[in-house]
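Q: Chains as they are written, first to last, in my numbering: chain P, 438 to 934; chain B, 193 to 435. C-beta atoms are modelled at their ideal positions from N, C-alpha and C, and glycine is treated no differently. This is the structure I want to talk about, given as structure tokens.
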């Protein structure tokens, strides 16, 4: 069904609904919907109209600047870009293996990052939809409403994020855009005082993480059929995987399974990613459309992120998260869980895993070691891949003889989910956009579908659950039928002829 | 015994010797006058003008103006700080100084002096000049985006290294640092990593290759104390000079 909504035979004669802007990290996105005279959806597209250009303007820069330069791509998950670029530069400086201390400090940093990002997304941005319902009054459906009605949950969300941010600050010097990883290692490890400080709260953090999974599980199961159906699409799943098949966020190989959970490829060295993944372009979006080469552009698109990771892994190495994973997988029977809203559930299981993994690392003596760097012969190509909060993140650099960047290719997590987000929007639009009158709940249904993927578009700038949106509905003669506008402060304004 | 000559720097009495500049005497007395192109090891140059002071009512550069008995020097008034801030803002917009990504951040004298003068924004429109990075040398890279034409490398290469590897070409806004080699590339010059010229750059223009950001944030040269107390970046160990 949904694929048929990508194009329309005579789009110029159809009613066009534009949702613009859908705000993104540093730029903009929009949704266009085309309806025929009977208001059937004939085309639905998510356009990313921003242009960042990082791949271009780092050309000519020295390779050792990359982890610091490229993290400026994002203000929510800079650590992910910092570490992916650092992994690529490890390869450039011939550091085939990091010292145990360097590897573990980076892992701790990464777990802190994923924990804070997931906490931000669930508690601050999505919990209002899930706790109050998608059609709750807009004035109430925000983090302030959560603080009023569920003050304990709101507090836990804020403090969970704070804990992750503190890990980042201790390791990298700043909560946002610090410096920890350099080519071949890290610049510091943790001292005993820092370790004891973080250990002081870890039991509480783990307990709250368990509570968060429980809340999400309860919400999902209370209306299981509805939550399974909303923005549901069947897709392939791509993620990194540990050598033993475990959930892996920092370093491992690539695994792709199809919609039935059957293997497309497995244990692929990520430095060979170009043999398996290709990137398509469309003339209506600046964001590329990656796909699995062996399947082709039409059916080879895939999903990444918590849902894909939870479906793809064989187990989770930490006990509490593994128990939750098993329960999660049960709702899919022997097939992958495909519900878009299950992203939230999977995300919180990962948050719990991060809390457990942080606890383990803080008890590991290597975390305070002095052996920080490892280097070998300079190489011309460096590829770094990891699992960012939102999914698989690829950094690929090629340098010249002088050590200056000649070419760069970045496939960021949200890009991997591009087609999937389009498909989910189509599903929601075809189901909920009916009649000429556009309603705020409709607006929010589309936002909810986009938010499930936690794209940069959602995470960075839809301030407190209020993405500034504008939807216009025009008839086939281009006359405005209805227009609804939601400002950045959440107020709704309607104007129609 | 001749009477000690002194001048007033703000409210303080500063002794000086014959031949001293205002800067010489002030630094010896432990008084900080902001500066970038000045380094006590080299002949004063007076090009950055950041050390501008008002001496007996005239605006002069402290690094080139001879101290005179009973001179009244204004170093810290708002009016003088405003002028320095304007000069720094012009330096920032004239080049491409991207502190968030620069490996010298935290140990950069330009950045530190800008903080000292409470510069909060570039104010002027950025020129965004197209400049390159010369990484052709095995050990040293030059990022021309960050050069402020202080000529410390020129002076060090000429006066200490005796190699004359660096020079300024062009005039006014077209002035630029050039390299004395057949190709104009650093890799074809006689520069070595131990040359004095490599260790005097107050900004992140001349840097060792394959390293950077190796000092954790919080431990870099200017992280804990301002430039007025820490002094010039060139006066510190190499390990302190990288962000």
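Where do the N-terminal and C-terminal ends of the alpha helix (DSSP H) with residue 597 of chain P fall, by residue?
A: Walking along the first chain from the start, residue 597 of chain P turns up at place 160. Counting along the chain, the alpha helix (DSSP H) containing residue 597 of chain P begins and ends at 588-609.
Q: At a Cβ cut of 8 Å, what residues of the segment 381-402 of chain B count as close to chain P, listed as they run along the chain?
A: 401, 402
Q: If residue 392 of chain B and residue 345 of chain B are in contact, beta carbons under 8 Å, what's the gap, nearest whole angstrom?
A: Looking up residue 392 of chain B in the second chain gives position 200. Looking up residue 345 of chain B in the second chain gives position 153. Yes, they are in contact, since the Cβ atoms of residue 392 of chain B and residue 345 of chain B sit about 6 Å apart, within 8 Å.
Q: Using a beta-carbon distance below 8 Å, is residue 761 of chain P in contact with chain B?
A: Taking the first chain and counting its residues from 1, the one referred to as residue 761 of chain P is at position 324. So, not an interface residue.
Q: Starting from residue 207 of chain B, follow its DSSP beta bridges and name the residues at the other end.
A: Taking the second chain and counting its residues from 1, the one referred to as residue 207 of chain B is at position 15. B:198, per the DSSP bridge assignment.
Q: Which residues of chain P have a Cβ atom closer than 8 Å to the Cβ of residue 373 of chain B, listed in chain order?
A: Position 181 of the second chain, counted from the first residue, corresponds to residue 373 of chain B. Simply none; closest approach about 15 Å.
Q: Please work out which residues of its chain come closer than 7 Å, Cβ to Cβ, to residue 533 of chain P, disregarding the five sequence neighbours upstream and downstream, and give them in chain order.
A: Locating residue 533 of chain P in the first chain gives position 96, where the first residue counts as 1. The residues are 813.
Q: In angstroms, rounded to a whole number, what distance separates the CA positions of residue 453 of chain P and residue 867 of chain P?
A: On the first chain, residue 453 of chain P is found 16 positions in, with the first residue counted as 1. On the first chain, residue 867 of chain P is found 430 positions in, with the first residue counted as 1. The straight-line gap from Cα to Cα measures roughly 14 Å.
Q: If the cut-off is 9 Å on Cβ atoms, which residues from the segment 635-646 of chain P count as contacting chain B, listed in chain order?
A: So nothing in the stretch comes that close.
Q: With a threshold of 8 Å between beta carbons, is residue 357 of chain B in contact with chain P?
A: Taking the second chain and counting its residues from 1, one reaches residue 357 of chain B at position 165. No, because no Cβ of chain P sits closer than 8 Å to the Cβ of residue 357 of chain B.
Q: Give a yes or no on whether the minimum CB-CB distance between residue 406 of chain B and chain P is below 8 Å.
A: For the purposes of this step, residue 406 of chain B is identified with residue 214 of the second chain, where counting begins at 1. Yes, residue 406 of chain B counts as interfacial toward chain P.
Q: CA-CA distance, residue 448 of chain P and residue 471 of chain P?
A: Taking the first chain and counting its residues from 1, the one referred to as residue 448 of chain P is at position 11. Taking the first chain and counting its residues from 1, the one referred to as residue 471 of chain P is at position 34. Their backbone Cα atoms lie some 7 Å apart in a straight line.
Q: Go ahead and pull the three-state DSSP assignment for residue 724 of chain P.
A: Numbered from its first residue, the first chain carries residue 724 of chain P at position 287. If DSSP states are grouped into helix, strand and coil, residue 724 of chain P belongs with coil.
Q: I'd like the span of the beta strand (DSSP E) that includes residue 691 of chain P, first residue to last.
A: Along the first chain, one-based indexing puts residue 691 of chain P at 254. Residues 690-694.
Q: Of all Cβ atoms in chain B, is any one closer than 8 Å to the Cβ of residue 895 of chain P?
A: To locate residue 895 of chain P, count along the first chain from 1; it is residue 458. Bear in mind that a pLDDT of 32 at residue 895 of chain P, under 50, signals an unreliable position, so the number given afterwards is only what the model happens to contain. No, residue 895 of chain P does not count as interfacial toward chain B.
Q: Under a Cβ-count criterion, where at least 16 other Cβ atoms within 10 Å of its own Cβ denotes burial, should residue 405 of chain B be classed as buried or exposed?
A: Here the question's residue 405 of chain B lines up with position 213 in the second chain. Label assigned to residue 405 of chain B: buried.
Q: Rounded to whole angstroms, what is the Cα-Cα separation between residue 445 of chain P and residue 480 of chain P?
A: Working through the first chain from its first residue, we reach residue 445 of chain P at position 8. Working through the first chain from its first residue, we reach residue 480 of chain P at position 43. Taking the straight line from one Cα to the other gives about 6 Å.
Q: Is there a C-beta anywhere in chain P that falls below 8 Å from the one on residue 427 of chain B?
A: Taking the second chain and counting its residues from 1, the one referred to as residue 427 of chain B is at position 235. No, because no Cβ of chain P sits closer than 8 Å to the Cβ of residue 427 of chain B.
Q: Can you give me, in chain order, the residues of the segment 284-312 of chain B that have a beta carbon less than 7 Å from any beta carbon in chain P?
A: 292, 293, 295
Q: Which value, in whole angstroms, describes the spacing of the CA atoms of residue 557 of chain P and residue 584 of chain P?
A: Position 120 of the first chain, counted from the start, is the residue given in the question as residue 557 of chain P. Position 147 of the first chain, counted from the start, is the residue given in the question as residue 584 of chain P. Between residue 557 of chain P and residue 584 of chain P, the C-alpha separation is close to 14 Å.
Q: How many Å lie between residue 767 of chain P and residue 320 of chain B at the Cα?
A: If you number the first chain from 1, residue 767 of chain P lands on position 330. If you number the second chain from 1, residue 320 of chain B lands on position 128. Cα-Cα distance, rounded: 57 Å.
Q: Under 8 Å, do residue 822 of chain P and residue 834 of chain P count as touching if we go by C-beta distance?
A: Within the first chain, the letter at position 385 stands for residue 822 of chain P. Within the first chain, the letter at position 397 stands for residue 834 of chain P. No; because the gap between Cβ atoms is not below 8 Å, this pair is not in contact.
Q: Using a Cβ cut-off of 9 Å, which residues of the segment 474-504 of chain P contact any Cβ in chain B, in chain order?
A: 497, 498, 499, 500, 501, 502, 504
Q: Tell me the start and end of each unbroken beta strand (DSSP E) in the segment 648-702 of chain P that is at least 3 residues and wholly inside, in chain order.
A: 673-678, 690-694
Q: Quick check for students: name the residue ranges of the alpha helix (DSSP H) that lie wholly in the segment 814-878 of chain P, counting only runs of 4 or more.
A: Given a length threshold of 4 residues, each whole run of the alpha helix (DSSP H) inside the segment 814-878 of chain P is given here in chain order: 850-853, 855-869.
Q: By the 8 Å beta-carbon criterion, what residues does the segment 593-616 of chain P contribute toward chain B?
A: From the segment 593-616 of chain P, only 609, 610, 611, 614, 615, 616 have a Cβ closer than 8 Å to chain B.
Q: Please go through the same chain and pick out, in chain order, the residues whose beta-carbon is closer than 7 Å to the beta-carbon of residue 856 of chain P, but skip the five residues on each side of it.
A: As a first step, residue 856 of chain P is located in the first chain; it is residue number 419 there, counting from the start. Taken in chain order, the residues that qualify are 726, 738.
Q: Rounded to the nearest angstrom, what separates residue 904 of chain P and residue 484 of chain P at their Cα positions?
A: Position 467 of the first chain, counting from 1, holds the residue named residue 904 of chain P. Position 47 of the first chain, counting from 1, holds the residue named residue 484 of chain P. Below a pLDDT of 50, predicted positions are generally treated as unreliable, and residue 904 of chain P, at 45, falls in that range; no measurement from the model is reported.
Q: Less than 8 Å between the CB atoms is what I'm expecting for residue 259 of chain B and residue 217 of chain B, so what's the real figure, rounded?
A: Translated into the one-based positions of the second chain, residue 259 of chain B becomes position 67. Translated into the one-based positions of the second chain, residue 217 of chain B becomes position 25. Contact holds; Cβ gap of about 5 Å.
Q: May I ask which residues mark the beginning and end of the beta strand (DSSP E) holding residue 400 of chain B?
A: By one-based count along the second chain, residue 400 of chain B stands at place 208. Where residue 400 of chain B is concerned, the enclosing beta strand (DSSP E) stretches over 398-400.
Q: Alpha carbon to alpha carbon, how far is residue 579 of chain P from residue 888 of chain P?
A: Here residue 579 of chain P corresponds to residue number 142 of the first chain, with the count starting at 1. Here residue 888 of chain P corresponds to residue number 451 of the first chain, with the count starting at 1. Rounded to the nearest angstrom, the gap between the Cα atoms of residue 579 of chain P and residue 888 of chain P is 14 Å.
Q: Checking contacts by CB at 8 Å: is residue 619 of chain P closer than that to chain B?
A: Start at 1 with the first residue of the first chain, and residue 619 of chain P comes out as number 182. Chain B contact via Cβ: present.
Q: Please confirm whether residue 840 of chain P has its beta-carbon closer than 8 Å to some beta-carbon of chain B.
A: Locating residue 840 of chain P in the first chain gives position 403, where the first residue counts as 1. Yes - at least one Cβ of chain B is within 8 Å of the one on residue 840 of chain P.
Q: Using CA coordinates, which residue listed in P:710, P:690, P:743 is at the minimum distance from residue 775 of chain P?
A: Numbered from 1 along the first chain, position 338 holds the residue referred to as residue 775 of chain P. Nearest in C-alpha terms to residue 775 of chain P, of all of P:710, P:690, P:743, is P:743.
Q: Return no unless some Cβ of chain P is closer than 8 Å to the Cβ of residue 324 of chain B.
A: In the second chain, the residue the question calls residue 324 of chain B occupies position 132. Yes, because at least one Cβ of chain P sits closer than 8 Å to the Cβ of residue 324 of chain B.
Q: Applying the criterion that 16 or more other CB atoms from any shown protein chain within 10 Å of the CB defines a buried residue, is residue 385 of chain B buried or exposed?
A: As a position in the second chain, residue 385 of chain B is number 193, starting the count at 1. Exposed.
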